[in-house]
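Numbering (our numbering), first residue to last: 5 to 121.
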């Protein structure tokens, strides 16, 4: 059996991580259903959308998609019909920095809510 050569880094599809936050609780399935309805079958497949991290209680998480389709996924998140508008907090090419942005935005939201109380 012949071993296949690995793809060169230039030929690999570049990915981006979108950190989002919402106001109302929603499930992961509702989120994916809303993205699927906005992007369609072909757009969803081309964008390669995957939910990496999702917290139903705070309605926040990280979505992975291809670098060419960041704008379409961002629009689909912002006009999500089931969960209300979701706000994209950050876009990153590295998962570690996306997780940092997610925890930082959560800390900022907690401090703002404590200040308002």
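Ideal placement from N, C-alpha and C gives every residue a C-beta, glycine not left out.
These numbers were taken from a predicted model, which means no experiment stands behind them.
Return the residue from the list the options that minimises the CA-CA distance to residue i.
i, options, result
"residue 42", "13, 83, 12 and 100", "83"
"residue 63", "104, 105, 35 and 95", "35"
Where does residue i fall in DSSP's three states?
i, result
"residue 67", "strand"
"residue 16", "coil"
"residue 90", "coil"
"residue 25", "strand"
"residue 96", "strand"
"residue 77", "helix"
"residue 9", "coil"
"residue 83", "coil"
What is the residue span of the alpha helix (DSSP H) that residue i lies within?
i, result
"residue 32", "32-51"
Beta-carbon within less than 6 Å of residue i's beta-carbon, same chain only, minus the 5 sequence neighbours each way: which residues are those?
i, result
"residue 17", "70"
"residue 21", "66, 68, 96, 99 and 102"
Near residue i, what residues of its chain come up, given a Cβ to Cβ distance below 7 Å and the 5 sequence neighbours on each side ignored?
i, result
"residue 117", "Below a pLDDT of 50, predicted positions are generally treated as unreliable, and residue 117, at 45, falls in that range; no measurement from the model is reported."
"residue 76", "43, 47 and 51"
"residue 53", "39, 67, 69 and 77"
"residue 12", "none"
CB-CB under 8 Å to residue i, same chain, minus the five flanking residues each way: which ones, in chain order?
i, result
"residue 31", "60"
"residue 74", "20, 22 and 95"
"residue 24", "64, 65, 66, 67, 81, 90, 91, 92 and 93"
Looking at the unbroken beta strand (DSSP E) that takes in residue i, where does it start and where does it end?
i, result
"residue 57", "54-59"
Check whether the segment 88-96 and the segment 39-46 are in contact - that is, three or more C-beta pairs closer than 8 Å.
Contact between the segment 88-96 and the segment 39-46 is absent, because fewer than three Cβ pairs lie under 8 Å.
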